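Undergrad: Residue numbering for the first sequence follows numbering that gives the first Met the number 0, starting at 0 and increasing by one per position. So that we are looking at the same thing, I have put the structure below in structure tokens.
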Amino acid sequence: MSAEIKSHLTDLLTQSLASVAPQTPASIIALERPKQAAHGDWACNVAMQLAKQLKRKPRELAQALIAGLPASPWLECAELAGPGFINLRLNPAAKLDAVRAALAAGVRYGRADTGHGRPVLLEFVSANPTGPLHVGHGRQAALGDAISALLQAQNWKVTREFYYNDAGAQIDNLALSVQARAREQRGEAVSFPESGYHGEYIREIAADYLAHNGDPGDLASVRRFAVAALRREQDEDLKAFGVKFDNYYLESSLYTDGKVEATVSALIASGKTYEHDGALWLRTTDYGDDKDRVMRKSDGSHTYFVPDVAYHVTKWQRGFAHAVNIQGSDHHGTVARVRAGLQALGEVTGAGIPRDYPDYVLHKMVTVMKGGEEVKLSKRAGSYVTLRDLIDEVGRDAVRFFLVSRKADTEFVFDIDLAKSQTEDNPVYYVQYAHARICSVLAQAGAQVQSAHTDGLAPLTLPRELALARRLGEFPEILADAARALAPHQVAFYLRELAGEFHSYYNAERILVADEGLKRARLALILAVRQVLQNGLSLLGVSAPEKM
RNA sequence: GUGCCCGUAGCUCAAUCGGAUAGAGCACCAGCCUUCUAAGCUGGGGGUUGUGGGUUCGAUCCCCGCCGGGCACGCCA
């Protein structure tokens, strides 16, 4: 395994350092993958970092460290380079070990145990049940599901949760909007609510409500019907997108369970609240917020801030010492607020919730372009592009791959025309195509695939073959890094590169050659590539088709 | 005005904990199908990393100023 090789190399350098500079702690030794292949398989910068401290020239120190390296069965050579880098080059056997590892581990290849089975709660999408899911929710769903999968692959016990804001003023607004449309459809003269939802879907729900013999005068009934209808629609959209949640948490339950009141009481007991202008405030500025927040309005109702805090308390109480919230960056203002609320509660409960709880992944907005113009994402205008639109037009795999192919904190320009007209240029097809090609070769090899032995890899000597093997060996590191950074785009880029190296190899060499030993070795290699492509695509929620 | 985030090739984006000559794709130009899938491959031109300083062996990355863009600044959610 690559991890074993890395620790083996670190070990060699540690031994050398101990003889060259006995007083120096070995913990400073770090290995990195050089960007350029010419710089070997691993590089170490320890000589430059220690040069000043040891009062020696970096290159001279590096040379001494190289000279002191013990013999190794995997190390081909160590070279001094640049200002004092030590470049380590692995021999073919070490590189090809990744092929053996990938085939031995199968679908588990790339996994690790950094999570140690600890529970972690991921909250994402959390759309209000006031309209269909839009593209921004899609980015969040794709990100959240991929991050969940990455953490699971590191042996975290992941719970995916969707929080429904089904208790606030926007739900009243929804009910009034549907009621007004229903009355219109009955031929009554009504004035549509000033801040009502203007989307076409409101009319559809109203018509459906009437078709089910609903009474437009019964607002509570309208409300229940509308919320149920929109939740159903959102569920269907998520299903079509391939995203499943383990739990749905309803904001309304925080009220019916008394958790909102309990939170208010506890915050008052914390001594961090005060009355002002008839409202109850929390001194969140004591915990880093830039202004104090109202908890209870002068009319006696609560601001959304209180159930938010109550909700996050339940995360902690439910045993999630780790929690990740995936949200649009337009909500970044809530981060300091929620954390401050939790800290204030800690004054009375002594819960010991960390100051940086929960963790946040904030993603920038998705700008949708169509016909060369921006489509405004306005729920009230009812003209935004829905997630369903995108899936229908572009395809599920492409949308998912595309949406996780960029860092979360960069703005996303999704050009629908481009995505539709250039479907063939979408990177997801490039990666999937590599997988399909391998499947095709394997199908022609037929029963010979069974004879692909990982103990006969020695015939693989071409630079392209060793580069592919080396790339396979990187996969576990990529997954560990991506999980640590909560950044699935790293996996997407890795897959693009792996697929590229495979296509290049495929075009240059023939797999099914006459030489039996070489053929078996090459079959083993592409079997391993296929496995890694499958594992990686699966983490991103993208299918790995056998034919295209 | 204050806070947070972003600024990299014509376009869309990478760049690990501060590493070596800043990389891909698209687009453009020139080639490759009698051969396991051409949704592919090979080669080429493309850059003062917004800008000015600082820190150091070394800065796209860290610190400060400025310019440009986004978001948030409510007893809305």
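The beta-carbon is built from N, C-alpha and C at its ideal position, and this holds for glycine as well. Keep in mind the model is a prediction, meaning the values are calculated, not measured.
1) Once the 5 residues before and after Asn-172 are set aside, which same chain residues still bring their CB inside 8 Å of it?
2) Pull the bridge partners of Cys-43 from the DSSP assignment, please.
3) Of the choices Ala-66, Leu-266 and Gly-241, whose alpha-carbon is the least far from that of Arg-395?
4) Using the rule of at least 16 other Cβ atoms within 10 Å of the residue's Cβ for burial, across every protein chain shown, is Leu-11 buried or exposed?
5) Helix, strand or coil for Ala-322? Go by DSSP, reduced to three states.
6) Since I believe Tyr-356 is in contact with Gln-326 (beta carbons under 8 Å), could you give me their beta-carbon distance rounded to a whole number of angstroms?
7) Taking the C-alpha atoms as reference points, what is the distance between Lys-5 and Val-531?
8) Contact defined as beta carbons within less than 8 Å: I believe Ala-520 pairs with Pro-426. What is the distance between those atoms, to the nearest angstrom?
9) According to the Cβ coordinates, are His-133 and Leu-402 closer than 9 Å?
10) Could you pull the DSSP bridge partners for Pro-118 from this structure?
11) Can you find the residues in the same chain that come closer than 8 Å, C-beta to C-beta, to Ala-50, ignoring five residues on each side of it along the sequence?
12) Which one of Ala-77, Glu-496 and Phe-123 has the shortest CA to CA distance from His-38?
13) Check whether the Cβ atoms of Ala-309 and Leu-389 sit closer than 9 Å, and answer yes or no.
14) By DSSP, does Ala-80 sit in helix, in strand, or in coil?
15) What residue does the beta strand (DSSP E) around Arg-295 start on, and which one ends it?
16) Does Val-360 come out as helix, strand or coil in the three-state DSSP assignment?
17) Thinking C-alpha only, which one of Glu-500, Ala-523 and Ser-503 is nearest Leu-511?
18) For Ser-176 and Gly-299, I'd like the C-alpha separation in whole angstroms.
19) In whole angstroms, give me the CA-to-CA distance for Phe-411 and Thr-366.
20) Should Ile-27 be labelled buried (16 or more other beta-carbon atoms within 10 Å of its own) or exposed?
21) Consult DSSP for Asn-425 and reduce its assignment to one of helix, strand or coil.
22) Measuring only the C-alpha atoms, how far is Lys-378 from Tyr-247?
23) On the DSSP bridge list, what partners appear for Thr-366?
24) I need the boundaries of the alpha helix (DSSP H) containing Ile-255, first residue and last residue.
25) Going by CA-CA distance only, name the one from Asp-289, Val-259, Asp-329 and Asp-96 that's closest to Pro-306.
26) Got a sec, what are the start and stop residues for the beta strand (DSSP E) Glu-274 sits in?
27) Between the Cα of Ser-269 and the Cα atoms of Thr-283, Tyr-162, Arg-223 and Ala-278, which residue gives the shortest distance?
28) Mapping DSSP to helix, strand and coil, what is Thr-313?
29) Can you tell me where the alpha helix (DSSP H) with Leu-478 in it begins and where it stops?
30) To test your reading of the DSSP string, which unbroken beta strand (DSSP E) runs of 3 or more residues are found completely within the stretch 147-195?
31) Any contact between the stretch 216-236 and the stretch 149-156? By contact I mean 3 or more CB pairs, one from each, below 8 Å.
32) Assuming Ala-93 and Trp-73 form a contact by the criterion Cβ under 8 Å, report the distance between their Cβ atoms to the nearest whole angstrom.
33) Counting only the same chain and skipping the five closest in sequence on each side, list residues whose C-beta sits under 7 Å from that of Leu-281.
34) What residues in its chain sit with their C-beta under 7 Å from that of Thr-9, if we drop five residues either side in the sequence?
35) Between the alpha carbons of Ala-380 and Ile-201, how many angstroms are there, rounded?
36) What is the residue span of the beta strand (DSSP E) that Ala-278 lies within?
TA: On the basis of the coordinates in this document:
1) Working through the first sequence from its first residue, we reach residue 172 at position 173. Result list for Asn-172: Thr-129, Pro-192, Ser-194, Gly-195 and Tyr-196, in chain order.
2) Residue mapping note: residue 43 aligns to position 44 of the first sequence, counting from 1. Leu-30 and Ile-85, per the DSSP bridge assignment.
3) The count along the first sequence starts at 1 and reaches residue 395 at position 396. Considering only alpha carbons, the answer is Gly-241.
4) To locate residue 11, count along the first sequence from 1; it is residue 12. By the neighbour-count rule (16 or more Cβ atoms within 10 Å), Leu-11 is buried.
5) Looking up residue 322 in the first sequence gives position 323. Strand.
6) Locating residue 326 in the first sequence gives position 327, counting from the first residue. Locating residue 356 in the first sequence gives position 357, counting from the first residue. Contact flag wrong, Cβ pair sits at about 15 Å.
7) Along the first sequence, read from residue 1 onward, the residue named residue 5 stands at position 6. Along the first sequence, read from residue 1 onward, the residue named residue 531 stands at position 532. Between Lys-5 and Val-531, the C-alpha separation is close to 20 Å.
8) Numbered from its first residue, the first sequence carries residue 520 at position 521. Numbered from its first residue, the first sequence carries residue 426 at position 427. Not confirmed; about 29 Å, so no contact.
9) Here residue 133 corresponds to residue number 134 of the first sequence, with the count starting at 1. Here residue 402 corresponds to residue number 403 of the first sequence, with the count starting at 1. Not a contact, by the Cβ cut-off of 9 Å.
10) Numbered from its first residue, the first sequence carries residue 118 at position 119. In DSSP, Pro-118 forms a bridge with Lys-156.
11) One-based indexing of the first sequence puts residue 50 at position 51. Lys-56, Pro-57, Leu-60 and Gly-83.
12) Taking the first sequence and counting its residues from 1, one reaches residue 38 at position 39. The residue with the shortest Cα to Cα distance from His-38 is Ala-77.
13) Stepping through the first sequence from its first residue, residue 309 is reached at position 310. Stepping through the first sequence from its first residue, residue 389 is reached at position 390. For Ala-309 and Leu-389, no; Cβs fall outside 9 Å.
14) In the first sequence, the residue the question calls residue 80 occupies position 81. Three-state result, Ala-80: strand.
15) The count along the first sequence starts at 1 and reaches residue 295 at position 296. Here the beta strand (DSSP E) through Arg-295 covers 292-295.
16) In the first sequence, residue 360 corresponds to position 361, counting from 1. Strand.
17) By one-based count along the first sequence, residue 511 stands at place 512. Here the closest residue by C-alpha is Ala-523.
18) Counting from one through the first sequence, the residue named residue 176 turns up at place 177. Counting from one through the first sequence, the residue named residue 299 turns up at place 300. Distance between the alpha carbons of Ser-176 and Gly-299: 25 Å.
19) As a position in the first sequence, residue 411 is number 412, starting the count at 1. As a position in the first sequence, residue 366 is number 367, starting the count at 1. Computed Cα separation, rounded: 6 Å.
20) What you label residue 27 is simply residue 28 of the first sequence in a count that begins at 1. Ile-27 is exposed by the Cβ-count criterion.
21) Reading the first sequence from its first residue, position 426 is the one you call residue 425. Note: Asn-425 maps to coil in three-state DSSP.
22) Residue 378 sits at position 379 when you count from the first residue of the first sequence. Residue 247 sits at position 248 when you count from the first residue of the first sequence. Residue confidence is low: Lys-378 scores 47 on pLDDT, short of 50, so the model does not pin down where it sits. No coordinate-derived value is stated.
23) Taking the first residue of the first sequence as position 1, residue 366 is located at position 367. Note: Thr-366 sits in a beta bridge opposite Val-412.
24) Here residue 255 corresponds to residue number 256 of the first sequence, with the count starting at 1. In the sequence as displayed, the identity of residue 255 is Thr instead of Ile. Thr-255 -> alpha helix (DSSP H) spans 250-255.
25) Here residue 306 is taken as the residue at index 307 of the first sequence, counted from 1. Just measuring C-alpha positions, the residue of Asp-289, Val-259, Asp-329 and Asp-96 sitting nearest Pro-306 is Val-259.
26) Looking up residue 274 in the first sequence gives position 275. Looking at the DSSP string, the run of the beta strand (DSSP E) that includes Glu-274 is 272-275.
27) By one-based count along the first sequence, residue 269 stands at place 270. Looking at the Cα atoms, Thr-283 is the closest of the given residues.
28) In the first sequence, counting from the first residue as 1, residue 313 sits at position 314. In this structure, Thr-313 counts as helix in the three-state DSSP scheme.
29) As a working mapping, residue 478 is identified with position 479 in the first sequence. First-last of the alpha helix (DSSP H) with Leu-478: 462-484.
30) 156-163
31) no
32) The sequence position of residue 93 within the first sequence is 94, counting from 1. The sequence position of residue 73 within the first sequence is 74, counting from 1. Correct: roughly 4 Å between the Cβ atoms.
33) Here the question's residue 281 lines up with position 282 in the first sequence. Excluding sequence neighbours, Leu-281 sits near Leu-266, Lys-271, Thr-272, Asp-291, Arg-292, Met-294, Gly-340 and Ala-343.
34) For this step, residue 9 is matched to residue 10 along the first sequence. Hits under 7 Å: Ile-28 and Leu-30.
35) Counting from one through the first sequence, the residue named residue 380 turns up at place 381. Counting from one through the first sequence, the residue named residue 201 turns up at place 202. Note that Ala-380 has pLDDT 41, beneath the 50 cutoff, so the model's placement of it is unreliable and the number below is only indicative. Between Ala-380 and Ile-201, the C-alpha separation is close to 12 Å.
36) In the first sequence, counting from the first residue as 1, residue 278 sits at position 279. From DSSP, the beta strand (DSSP E) with Ala-278 extends over 278-281.
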